[in-house]
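Novice:
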Amino acid sequence: MIQYMQMSNSTQLKPLLEVGNDLVKHSIQNPTSAPGVVTQLFPHIYEAAARMSSRAIAVYLSKTHKVGISASTVSRALRSPDVHVEVYLDRVEPAARGMAEALRISDFRLLLRSEGDFLGASKLTPHFPQTTKESHDQAEDDFEEAKQILEREWWAYGDRFRVLALEVLRVRETEEENEDENDDPCND
């Protein structure tokens, strides 16, 4: 059975399948936003949400930057922030761990510092394992890269987002510790 709908300004009937096909063609030719835009913008959306509604954020992004994200998409992201924060932490956490290890401090302590304290800590002399010159040089390069990632991707966002990210990181670490305890053969 083919379903039809009446066109608004005419008496013509158009099959719904045709309407659906037109919709898909239009979506391919005129995408409103690229996949992953919400995740990439999430730290900023989260900060702005303290002062703006989801609708206001969506309207601002659309009108000012031509980024097509609906208010419902913004709301959905804010209701389940962990998904977006996890992606962010996948980039930041290894840098924090590597840098903290070289400075011989906890990665949480490193991330809890103020930006000025972080910059001061990043100037401390890191401790690298003494092996070959090649591996020492690689460790120095890794340290510098980690420092740049944290400067660019941790301190670029506001306190509100960083607090949320630390909460998610603590949950992640607790879950990893619990998994390690469950995998420990001494616990049997």
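Just so we're aligned, residue -12 is where the sequence shown starts under the working numbering, counting upward by one. Each residue gets a CB set at the ideal place from its N, CA and C atoms; glycine is no exception. Given the structure is predicted, the values throughout are model-derived calculations rather than measurements.
Taking Cβ to Cβ, would you say residue 198 is nearer than 8 Å to residue 76?
Specialist: With the chain covering only -12 through 175, there is no way to say anything about residue 198.
Novice: Are three or more beta carbon pairs between the stretch 146 to 161 and the stretch 119 to 132 nearer than 8 Å?
Specialist: Verdict: no, contact absent.
Novice: Can you give me the Cβ contacts of residue 35 inside the same chain, cut-off strictly under 7 Å, excluding the 5 residues immediately before and after it?
Specialist: Position 48 of the sequence shown holds residue 35. Contacts found: 44.
Novice: Looking only at its chain, what residues have a beta carbon closer than 6 Å to the beta carbon of residue 192, apart from the 5 residues adjacent to it on each side?
Specialist: The structure shown does not extend to residue 192, since the chain is modelled only from -12 through 175, so no value can be given for it.
Novice: Expressed to the nearest angstrom, what Euclidean distance is found between the alpha-carbon atoms of residue 118 and residue 80?
Specialist: Along the sequence shown, read from residue 1 onward, the residue named residue 118 stands at position 131. Along the sequence shown, read from residue 1 onward, the residue named residue 80 stands at position 93. Taking the straight line joining both Cα atoms gives about 25 Å.
Novice: Terminal residues of the continuous alpha helix (DSSP H) containing residue 75?
Specialist: Numbered from its first residue, the sequence shown carries residue 75 at position 88. Note, residue 75: alpha helix (DSSP H), 68 to 90.
Novice: Suppose you measure from the CA of residue -3 to the CA of residue 53; what does that come to, to the nearest Å?
Specialist: Locating residue -3 in the sequence shown gives position 10, where the first residue counts as 1. Locating residue 53 in the sequence shown gives position 66, where the first residue counts as 1. The pLDDT assigned to residue -3 is 49, lower than 50, so where the model puts this residue is not dependable; a value taken from the coordinates is nonetheless given after this. One C-alpha to the other measures close to 34 Å.
Novice: Assign residue 4 to one of two classes, buried (16 or more other C-beta atoms within 10 Å of its C-beta) or exposed (fewer than that).
Specialist: Locating residue 4 in the sequence shown gives position 17, where the first residue counts as 1. Classification of residue 4: exposed, given that the 10 Å Cβ count is below 16.
Novice: Exposed or buried, which one is residue 82 when buried takes at least 16 other CB atoms within 10 Å?
Specialist: As a position in the sequence shown, residue 82 is number 95, starting the count at 1. Buried: at least 16 other Cβ atoms inside 10 Å.
Novice: Taking the C-alpha atoms as reference points, what is the distance between residue 98 and residue 144?
Specialist: As a position in the sequence shown, residue 98 is number 111, starting the count at 1. As a position in the sequence shown, residue 144 is number 157, starting the count at 1. About 12 Å.
Novice: Applying the criterion that 16 or more other CB atoms from any shown protein chain within 10 Å of the CB defines a buried residue, is residue 141 buried or exposed?
Specialist: Taking the first residue of the sequence shown as 1, we reach residue 141 at position 154. Residue 141 comes out buried.
Novice: Taking C-beta to C-beta, are residue 32 and residue 64 nearer than 8 Å?
Specialist: Sequence index remark: in the sequence shown, residue 32 carries index 45 (1-based). Sequence index remark: in the sequence shown, residue 64 carries index 77 (1-based). Against a cut-off of 8 Å, the Cβ pair of residue 64 and residue 32 comes out as a contact.
Novice: For residue 58, which residues in the same chain have their Cβ closer than 7 Å to its Cβ, ignoring the five residues on either side in sequence?
Specialist: By one-based count along the sequence shown, residue 58 stands at place 71. Only 41, 42, 45 meet the Cβ criterion.
Novice: Thinking residue 25 and residue 60 are a contact (beta carbons under 8 Å), I'd like their distance in whole angstroms, please.
Specialist: Position 38 of the sequence shown, counting from 1, holds the residue named residue 25. Position 73 of the sequence shown, counting from 1, holds the residue named residue 60. With 8 Å as the limit, residue 25 and residue 60 qualify as a contact, their Cβ atoms being about 6 Å apart.
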